[in-house]
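K.L.:
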Amino acid sequence: MLSNDLQRKHLDAFGKSGGYTGATRWYQMWLENTFAPDEVGYEGVEITQASLFVVPKEPAASAEQQRHMLASWTPNLTTVHVDSGHWVHLERASETNKAIEEFLRGLQYLTPTM
């Protein structure tokens, strides 16, 4: 559940005319199978470094679909499921931060300095 302050900040940012245009454009392109012109030529690119995907537990089918899509070009993908809605980093900031910290600690070339 978002706090009243966070809801106010969200409405300040997105409650304007066209406020969701950028945020929803990616989904529209994905559904229509169209891509931005600057992505042409990158179809076979792989991100080989370790990558983290923090995703809501539900709906599980959506999370799995996104994970599968990302895994096709990010072979070293770690997925962490968090009990939240769509805005994981806002709704469960401490759990998201914990997932990031644990992911970074698990990388061989980093050692904790605590």
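Residue numbers for the sequence shown, in full-length UniProt numbering: 1 to 114.
Backbone N, C-alpha and C define an ideal beta-carbon position, used for all residues, glycine too.
Starting from Pro104, trace the alpha helix (DSSP H) both ways and give me its first and last residue.
P.N.:
With the sequence shown as reference, residue 104 is identified as Leu, and Pro is not the correct amino acid for it. Note, Leu104: alpha helix (DSSP H), Ala93 to Gly106.
K.L.:
So if DSSP puts Leu77 in a beta bridge, which residue, or which two residues, is it bridged to?
P.N.:
Answer is Ser51, bridged to Leu77.
K.L.:
Which residue comes first and which comes last in the alpha helix (DSSP H) that contains Asp5?
P.N.:
Taken as a continuous stretch (DSSP letters only), the alpha helix (DSSP H) holding Asp5 covers Asn4 to Phe14.
K.L.:
Use the C-beta contact count for Pro75: other C-beta atoms within 10 angstroms, 16 or more gives buried, fewer gives exposed.
P.N.:
Exposed, since its Cβ has fewer than 16 Cβ neighbours within 10 Å.
K.L.:
If you follow the alpha helix (DSSP H) that His68 is in, where does it begin and where does it stop?
P.N.:
It spans Ala60 to Ala71 - the alpha helix (DSSP H) in which His68 sits, taken as one unbroken run.
K.L.:
Once DSSP output is grouped into helix, strand and coil, what is the label at Val40?
P.N.:
The answer is coil: DSSP assigns Val40 none of H, G, I, E or B.
K.L.:
Applying the criterion that 16 or more other CB atoms from any shown protein chain within 10 Å of the CB defines a buried residue, is Ser94 buried or exposed?
P.N.:
So Ser94 counts as exposed.
K.L.:
Could you give the distance in angstroms between the alpha-carbon of Ser17 and the alpha-carbon of Val88?
P.N.:
Answer to the nearest angstrom: the Cα atoms are 25 Å apart.
K.L.:
Using 8 Å as the Cβ pair cut-off and three pairs as the minimum, do the region 4-19 and the region 41-48 touch?
P.N.:
Contact fails: fewer than three Cβ-Cβ distances are below 8 Å.
K.L.:
Can we say the region 60-73 touches the region 90-104, given the rule of at least three CB pairs closer than 8 Å?
P.N.:
Verdict: no, contact absent.
K.L.:
Compute the Euclidean distance between the alpha carbons of Ser3 and Gly106, then round it to the nearest angstrom.
P.N.:
Their backbone Cα atoms lie some 32 Å apart in a straight line.
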